[in-house]
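Chemist: The opening residue of the sequence shown carries number 0 in numbering that gives the first Met the number 0; numbering runs sequentially from there.
By construction, the Cβ of each residue, glycine as well, lies at the ideal position given by its N, Cα and C atoms.
From a predicted model like this one, the values you see are computed outputs, not experimental measurements.
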Amino acid sequence: MFISVESLHMFSTFAKSAMTLGTAAGCLLMAASSAHAFSFTTNFTPTVRDAEDDILLQSVEVDGNIIDFSDLAVVSGANILFNDQITDDPSNNPQNQGAASADVVDNSASGVAMEQLTPGDANSEAAIVSNLSSQNLGHIIDTEDSGIFEIELNFDKAFSSLLFWERGLNSDLGVRIGGKEIILTSDMFEYAGYDLDTTEIEEIQDVGSYGLDLAAHGLSGKYTSAVIFTRDGFNGPDWKVAGVAVPEPATVLGLTAVAGAFAASRRRRDDRTA
Numbered sequence: 000m001f002i003s004v005e006s007l008h009m010f011s012t013f014a015k016s017a018m019t020l021g022t023a024a025g026c027l028l029m030a031a032s033s034a035h036a037f038s039f040t041t042n043f044t045p046t047v048r049d050a051e052d053d054i055l056l057q058s059v060e061v062d063g064n065i066i067d068f069s070d071l072a073v074v075s076g077a078n079i080l081f082n083d084q085i086t087d088d089p090s091n092n093p094q095n096q097g098a099a100s101a102d103v104v105d106n107s108a109s110g111v112a113m114e115q116l117t118p119g120d121a122n123s124e125a126a127i128v129s130n131l132s133s134q135n136l137g138h139i140i141d142t143e144d145s146g147i148f149e150i151e152l153n154f155d156k157a158f159s160s161l162l163f164w165e166r167g168l169n170s171d172l173g174v175r176i177g178g179k180e181i182i183l184t185s186d187m188f189e190y191a192g193y194d195l196d197t198t199e200i201e202e203i204q205d206v207g208s209y210g211l212d213l214a215a216h217g218l219s220g221k222y223t224s225a226v227i228f229t230r231d232g233f234n235g236p237d238w239k240v241a242g243v244a245v246p247e248p249a250t251v252l253g254l255t256a257v258a259g260a261f262a263a264s265r266r267r268r269d270d271r272t273a
């Protein structure tokens with residue numbers, strides 16, 4: 000069967016419109032999954048701001064495909080597997096206790112700033128969920144240069160790619176998922192276009208972003224949880240994470256039906272003009 004270039008172009012335009020209406024997340028997923036690691040653009044408001052003020056994530060963009068914050072897979076649960084309880088800080092700074100803690104920008108109107116996140120403590124785990132699920136990019140998990148942590152995160156939607164933001168662009172971060180450990184080294188992060196000054200630091204630091212494609216690591220299928228961890232020498236990553244959601248089966252079937260209807264309509268029109 001011959002299919003003209005015009006027909007392919009028309010089908011492509013129609014399919015793109017259907018995808019935009021049905022699921023922008025699915026479009027992004029397909030674009031992102033071809034690379035081992037991928038760059039993405041962070042769209043936020045306000046675009047002109049002070050590093051101490053709140054900053055809201057509106058969407059991310061990969062290869063021209065945009066996915067809104069509301070369509071991302073965000074953290075819905077946290078289980079602190081391990082977190083060094085640092086109490087002998089030479090500076091005696093009460094804001095530098097615990098390998099991992101919850102932190103916010105200095106002038107934040109919301110979010111949680113909490114030290115000594117403790118395994119098994121409901122308030123500690125709620126603080127992690129609050130900051131990581133928030134639309135506010137100024138709500139993060141801060142880590143000290145000494146000490147290590149392991150935190151298991153659950154997400155509200157299945158994902159096959161993860162989006163990371165790391166303040167400072169100078170720290171490694173580990174991900175344990177699907178029986179594999181993946182180390183994100185500091186040189187992988189690219190400037191995300193904004194800076195942060197939070198309660199735990201006294202200076203402005205750039206924020207980097209990194210897209211982790213699980214399929215490139217031999218991890219196929221849907222995932223709803225991952226363990227984020229550090230090791231000695233990781234230099235205290237300060238981070239936030241979200242997932243690129245996997246399209247629901249009903250959405251995929253709907254797009255298939257739309258494509259089939261378009262092809263049938265095209266064939267009928269060709270028959271009438273033959």
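For a quick check, are the C-beta atoms of Gln193 and Val206 less than 7 Å apart?
Modeler: A small correction: the amino acid at residue 193 is Tyr; Gln does not occupy that position in the sequence shown. Yes, the pair counts as a contact, with Cβ atoms nearer than the cut-off.
Chemist: Quick check on the DSSP output: the alpha helix (DSSP H) that includes Ser75 runs from which residue to which?
Modeler: Element bounds for Ser75: not the alpha helix (DSSP H) but the beta strand (DSSP E), Val74 to Asn82.
Chemist: Using the three-state DSSP reduction, which class does Ala191 fall into: helix, strand or coil?
Modeler: strand
Chemist: Three-state secondary structure (DSSP) at Ile200?
Modeler: coil
Chemist: What do you reckon, are the CB atoms on Ile79 and Leu116 nearer than 7 Å?
Modeler: yes
Chemist: Quick one: is Glu180 buried, meaning 16 or more other Cβ sit within 10 Å of its Cβ, or exposed?
Modeler: exposed
Chemist: Report all residues from its chain with a CB closer than 7 Å to the CB of Ala112; omit the five preceding and five following residues, and keep chain order.
Modeler: Ala101, Asp102, Val103 and Thr198
Chemist: At the level of alpha carbons, what is the spacing between Ala260 and Ile150?
Modeler: Legend: pLDDT at Ala260 = 46, less than 50; position of this residue unreliable, no value from coordinates given.
Chemist: Identify, in the order they occur along the chain, each residue of the same chain with its Cβ nearer than 7 Å to the Cβ of Ala126, setting aside the five sequence neighbours on each side.
Modeler: Within the same chain, Ala126 has close Cβ partners Ala101, Val111, Met113 and Leu116.
Chemist: Can you look up Leu161 in the DSSP assignment and give me helix, strand or coil?
Modeler: strand
Chemist: Please state if the CB of Ala99 and the CB of Ile140 are separated by a distance shorter than 7 Å.
Modeler: yes
Chemist: Where DSSP assigns a beta bridge to Gly97, which residues make up the other side?
Modeler: Gly97 is not bridged by DSSP to any residue.
Chemist: Should Leu168 be flagged as near chain B, meaning a C-beta pair shorter than 7 Å?
Modeler: Among the chains of the structure shown, chain B does not appear; only one protein chain is present.
Chemist: Can you tell me which of Ala121, Gln134, Glu189 and Asn42 puts its alpha carbon nearest to the alpha carbon of Val73?
Modeler: That would be Gln134, whose Cα lies nearest to the Cα of Val73.
Chemist: Can you check which of these residues, Ser224, Asn82 and Ser129, is closest to Pro118 by C-alpha distance?
Modeler: Asn82
Chemist: In terms of residues, what are the limits of the beta strand (DSSP E) holding Ile182?
Modeler: Per DSSP, Ile182 belongs to the beta strand (DSSP E) from Lys179 to Leu183.
Chemist: Val243 and Phe158 look like a contact to me (Cβ under 8 Å); what is the Cβ gap, rounded to whole Å?
Modeler: 6 Å
Chemist: Applying the criterion that 16 or more other CB atoms from any shown protein chain within 10 Å of the CB defines a buried residue, is Lys239 buried or exposed?
Modeler: Within a 10 Å sphere around the beta-carbon of Lys239 sit 16 or more other beta-carbons, which makes this residue buried.
Chemist: Exposed or buried, what is Glu165 when buried is set at 16 or more other beta-carbons lying within 10 Å of its beta-carbon?
Modeler: buried
Chemist: Just the C-alpha distance for Glu189 and Asn169, rounded to the nearest angstrom, thanks.
Modeler: 11 Å
Chemist: Taking C-alpha atoms, which residue in Asp62, Asp231, Phe68 and Gly63 lies nearest to Ile54?
Modeler: Residue nearest to Ile54 within the set Asp62, Asp231, Phe68 and Gly63 is Phe68 (criterion: CA-CA distance).
Chemist: In chain order, what residues of the same chain lie with their CB nearer than 7 Å to the CB of Thr142, ignoring the 5 residues before and after it?
Modeler: For Thr142, where only same-chain residues beyond five positions count, the Cβ hits under 7 Å are Ala98, Ala99, Phe148, Thr229, Gly235, Pro236 and Asp237.
Chemist: Is the distance from the Cβ of Ala50 to the Cβ of Leu152 below 7 Å?
Modeler: no
Chemist: Do Thr223 and Phe163 have their C-beta atoms within less than 7 Å of each other?
Modeler: Phe163 is positioned such that its CB atom lies no closer than 7 Å to that of Thr223.
Chemist: Measuring only the C-alpha atoms, how far is Gln204 from Gly137?
Modeler: 12 Å
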